């Protein structure tokens with residue numbers, strides 16, 4: 002009798018807690034519909050931004066405020082990955098609009114790109130926005146959260162620093178349910194753009210984005226590892242086969258980086 006009573010109490014208690022647990026779980030599911038609408042409206046198929054119109058739309062500020070008031074500690078891994086990529090891209094758009102018109106994000110660095118990098122006074126280093134009450138910088142999001150905590154090189158296909166040589170800005174928000182497919186797709190898009198990355202089969206030379214030079218160790222130990230990694234996103238089966246097997250060593254050339262604004 003006592004055992005039955007205990008079981009009944011446990012069932013009643015559990016029934017009472019279940020809706021709360023479901024509610025807590027639902028709160029970790031992010032709603033990016035407003036951000037998604039914004040990207041659809043102002044980003045073209047080549048990943049370029051209509052800053053004239055975007056910067057006049059108060060919806061961008063609403064999006065970044067929503068992100069600011071999110072507690073990322075409550076998010077599951079894939080949800081958190083999508084969240085931080087969206088944070089990086091949305092706040093990059095915000096800082097451009099806060100200072101628009103301008104020719105390049107480099108115009109915002111204290112002392113210019115070179116000195117700003119040395120003395121950490123770039124716009125990426127400045128803590129000018131907050132997430133869940135904590136002041137952060139774009140550099141912190143990229144180098145202290147996204148890269149070390151997730152360890153996924155495809156992040157470099159997704160985050161966009163508002164330069165023309167960056168990967169194209171995706172015209173939709175990243176979401177947990179499709180983050181794997183979205184990142185793979187971004188890799189294919191990035192490598193299929195000959196103005197950003199090009200593979201010359203005749204000379205077996207890869208002309209690659211400077212991003213791969215700066216973050217080579219994220220993709221492997223050396224250039225050979227990098228090329229093998231990129232094979233999965235190659236623009237053609239022939240290129241993929243040569244990158245995977247490398248019967249003849251590839252020559253790698255790093256493209257000059259175009260820092261001009263990624264505007265339409």
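Numbering (my numbering), first residue to last: 2 to 265.
Positions of the beta carbon are idealized from the N, C-alpha and C atoms, including for glycine.
Values in this document were obtained by computation on a predicted structure and should not be read as measured data.
Can you tell me whether residue i is buried or exposed? The criterion is at least 16 other CB atoms within 10 Å of its CB, across all chains shown.
i, result
"residue 65", "buried"
"residue 215", "exposed"
"residue 40", "buried"
"residue 93", "buried"
"residue 262", "buried"
"residue 76", "buried"
"residue 117", "buried"
"residue 246", "exposed"
"residue 250", "exposed"
"residue 21", "In this prediction, residue 21 has a pLDDT of 36, which is less than 50 and means its spatial position is unreliable; what the coordinates show is noted afterwards. Residue 21 is exposed by the Cβ-count criterion."
"residue 80", "buried"
"residue 207", "buried"
"residue 74", "exposed"
"residue 248", "exposed"
"residue 48", "buried"
Give the C-beta separation of residue i and residue j to the nearest angstrom, bearing in mind that I take them to be a contact with Cβ-Cβ under 8 Å.
i, j, result
"residue 105", "residue 260", "5 Å"
"residue 160", "residue 181", "16 Å between Cβ atoms; not a contact."
"residue 217", "residue 256", "In fact, because the Cβ distance is near 14 Å, the residues do not count as touching under 8 Å."
"residue 224", "residue 253", "5 Å"
"residue 183", "residue 50", "Incorrect: roughly 18 Å between the Cβ atoms, too far for contact."
"residue 44", "residue 131", "About 25 Å separates the two Cβ atoms, so there is no contact after all."
Could you tell me the distance, in whole angstroms, from the CA atom of residue i to the CA atom of residue j?
i, j, result
"residue 228", "residue 168", "17 Å"
"residue 120", "residue 135", "23 Å"
"residue 23", "residue 236", "Residue confidence is low: residue 23 scores 36 on pLDDT, short of 50, so the model does not pin down where it sits. No coordinate-derived value is stated."
"residue 170", "residue 234", "17 Å"
"residue 203", "residue 196", "18 Å"
"residue 231", "residue 186", "12 Å"
"residue 89", "residue 240", "31 Å"
"residue 177", "residue 124", "28 Å"
"residue 166", "residue 226", "23 Å"
"residue 164", "residue 179", "25 Å"
"residue 55", "residue 220", "34 Å"
"residue 238", "residue 198", "16 Å"
"residue 114", "residue 108", "8 Å"
Within the continuous beta strand (DSSP E) that includes residue i, where are the two ends?
i, result
"residue 254", "252-255"
"residue 209", "206-209"
"residue 136", "135-137"
"residue 131", "130-132"
Cα-Cα, which of the options is closest to residue i?
i, options, result
"residue 61", "148, 38 and 79", "38"
"residue 85", "264, 55 and 139", "139"
"residue 155", "191, 111 and 133", "191"
"residue 67", "32, 55, 146 and 97", "32"
"residue 78", "174, 146 and 107", "146"
"residue 72", "54, 133, 115 and 193", "133"
"residue 98", "114, 137 and 58", "58"
"residue 157", "69, 91, 244 and 212", "212"
"residue 82", "63, 174 and 34", "174"
"residue 63", "34, 205 and 113", "34"
"residue 96", "242, 162, 205 and 244", "162"
"residue 69", "53, 91 and 52", "91"
"residue 46", "258, 243, 205 and 194", "194"
"residue 111", "101, 103, 126 and 102", "126"
Which residue comes first and which comes last in the alpha helix (DSSP H) that contains residue i?
i, result
"residue 201", "That residue, residue 201, is in no alpha helix (DSSP H); its beta strand (DSSP E) goes 199-201."
"residue 95", "78-99"
Give a yes or no on whether the minimum CB-CB distance between residue i and chain D is below 8 Å.
i, result
"residue 65", "Here chain D cannot be found, since the structure has a single protein chain."
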